[in-house]
Amino acid sequence: MTRKTLILGLGNTLMTDEAVGPVVVRRLESETDPAALLLFLDGGTLSFTLAMPIEECERLIVVDAAALGEAPGSVRVFEGEAMDRQVSLPAKSVHEVSLADLMDMVRLTGRLPERRALIGIEPAVIDWGDGLTPAVAAAVPVAMARVQELLGVWDTQDCEALPETDQSRATNQASTTVSDGRT
Numbered sequence: 001m002t003r004k005t006l007i008l009g010l011g012n013t014l015m016t017d018e019a020v021g022p023v024v025v026r027r028l029e030s031e032t033d034p035a036a037l038l039l040f041l042d043g044g045t046l047s048f049t050l051a052m053p054i055e056e057c058e059r060l061i062v063v064d065a066a067a068l069g070e071a072p073g074s075v076r077v078f079e080g081e082a083m084d085r086q087v088s089l090p091a092k093s094v095h096e097v098s099l100a101d102l103m104d105m106v107r108l109t110g111r112l113p114e115r116r117a118l119i120g121i122e123p124a125v126i127d128w129g130d131g132l133t134p135a136v137a138a139a140v141p142v143a144m145a146r147v148q149e150l151l152g153v154w155d156t157q158d159c160e161a162l163p164e165t166d167q168s169r170a171t172n173q174a175s176t177t178v179s180d181g182r183t
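Numbering-wise (full-length UniProt numbering), the sequence shown opens with residue 1 and increments by one.
Structure representation (structure tokens):
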């Protein structure tokens with residue numbers, strides 16, 4: 001069973017490691033079967049216009065540079081309430097609107113996705129410039145893998161939560177997809 005999932009990359013592509021969110025999302029989109037119920041969105045430096053796509057999804061994964069206090073290129077996953085706590089921490093940001101403010105706005109509508117996560121990547125440099133630093137560039141495939149792992153876990157949990165007849169249908173659909181030769 002696949003649910004509509006928004007994978008949102010945040011960051012300014014004109015500012016070195018701040019661009020990591022959009023870079024990860026573009027690479028994921030280029031390597032994903034278009035038939036998947038995944039919506040990839042470059043959210044840039046955030047704005048309240050992102051509230052609607054978040055409200056319309058059932059699952060949300062945000063990929064962004066994040067001050068984790070770890071080595072540059074470190075990747076951490078924050079799910080559900082852990083994401084809420086992480087985005088509410090005071091931090092220096094180049095975003096127009098904080099992610100916490102955007103999430104609060106969506107929460108007020110009652111449409112905040114229950115399944116939500118932040119994939120945070122520790123930047124080395126956030127300054128005007130083109131391209132990621134080597135440490136953060138090396139983290140891109142790691143972040144991509146974390147997104148795929150999270151989707152797999154959520155798919156499994158969603159399938160296990162279904163009544164048995166729906167589980168069989170979801171399993172048969174997955175088998176059909178595999179036998180089609182699509183990955």
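Each residue gets a CB set at the ideal place from its N, CA and C atoms; glycine is no exception.
All values reported here derive from a predicted model rather than from experimental measurement.
Distance between residue j and residue i (C-alpha atoms, nearest Å)
{"i": "ALA117", "j": "ARG85", "result": "11 Å"}
{"i": "THR32", "j": "LEU108", "result": "32 Å"}
{"i": "residue 208", "j": "VAL140", "result": "Since the displayed the chain opens at 1 and closes at 183, residue 208 lies outside it and no answer follows."}
{"i": "ASP104", "j": "VAL136", "result": "29 Å"}
{"i": "VAL21", "j": "VAL62", "result": "Per the sequence shown, the amino acid found at residue 21 is Gly instead of Val. C-alpha separation (whole angstroms): 8 Å."}
{"i": "GLU55", "j": "PHE48", "result": "12 Å"}
{"i": "GLY11", "j": "GLU149", "result": "22 Å"}
{"i": "PRO134", "j": "PRO72", "result": "9 Å"}
{"i": "GLY129", "j": "LEU14", "result": "6 Å"}
{"i": "PRO90", "j": "THR156", "result": "34 Å"}
{"i": "GLU160", "j": "SER98", "result": "35 Å"}
{"i": "GLU114", "j": "SER30", "result": "27 Å"}
{"i": "ARG59", "j": "VAL153", "result": "12 Å"}
{"i": "LEU151", "j": "ALA138", "result": "21 Å"}
{"i": "GLY110", "j": "VAL142", "result": "33 Å"}
Those residues which DSSP pairs with residue i across a bridge
{"i": "residue 184", "result": "No statement about residue 184 is possible, as the shown extent of the chain runs from 1 to 183 and does not include it."}
{"i": "LEU39", "result": "LEU6"}
{"i": "residue 184", "result": "Nothing in the structure corresponds to residue 184, since the chain is present only between 1 and 183."}
{"i": "ILE61", "result": "ILE7, ALA117"}
{"i": "GLY44", "result": "LEU10"}
Cβ-based burial, residue i [other Cβ within 10 Å; buried from 16]
{"i": "VAL23", "result": "buried"}
{"i": "ASP17", "result": "buried"}
{"i": "GLY43", "result": "buried"}
{"i": "THR5", "result": "buried"}
{"i": "GLY9", "result": "buried"}
{"i": "PRO163", "result": "exposed"}
Own chain residues within Cβ distance below 8 Å of residue i, not counting five before or after
{"i": "LEU132", "result": "THR16, ASP17, ALA19, VAL20, VAL23, VAL140"}
{"i": "ARG146", "result": "VAL75, VAL77, ILE119"}
{"i": "GLY80", "result": "GLU114, ARG115, ARG116, ALA117"}
{"i": "ASP127", "result": "MET15, THR16"}
{"i": "LEU102", "result": "LEU46, PHE48, LEU50, ALA51, ILE54"}
Close Cβ partners of residue i (< 6 Å) along its chain, the five nearest in sequence each way excluded
{"i": "ALA100", "result": "VAL87, SER88"}
{"i": "VAL106", "result": "ALA51, ILE54, GLU55, LEU112"}
{"i": "THR40", "result": "Correcting the residue type first, residue 40 is Phe in the shown sequence and not Thr. Around PHE40: ILE7, VAL25, GLU29."}
Residues near residue i in its chain [Cβ-Cβ closer than 7 Å; skip 5 each side]
{"i": "MET144", "result": "VAL24, ARG27, LEU28"}
CB contact below 9 Å: residue i versus chain C
{"i": "GLU29", "result": "Included in the structure is just one protein chain, with no chain C present."}
Do the segment 110-127 and the segment 56-69 make contact, defined as three or more Cβ pairs closer than 8 Å?
-> Pairwise C-beta distances place the segment 110-127 in contact with the segment 56-69, as three or more of them are shorter than 8 Å.
Are the segment 35-44 and the segment 71-89 touching by the rule of at least three beta carbon pairs closer than 8 Å?
-> no
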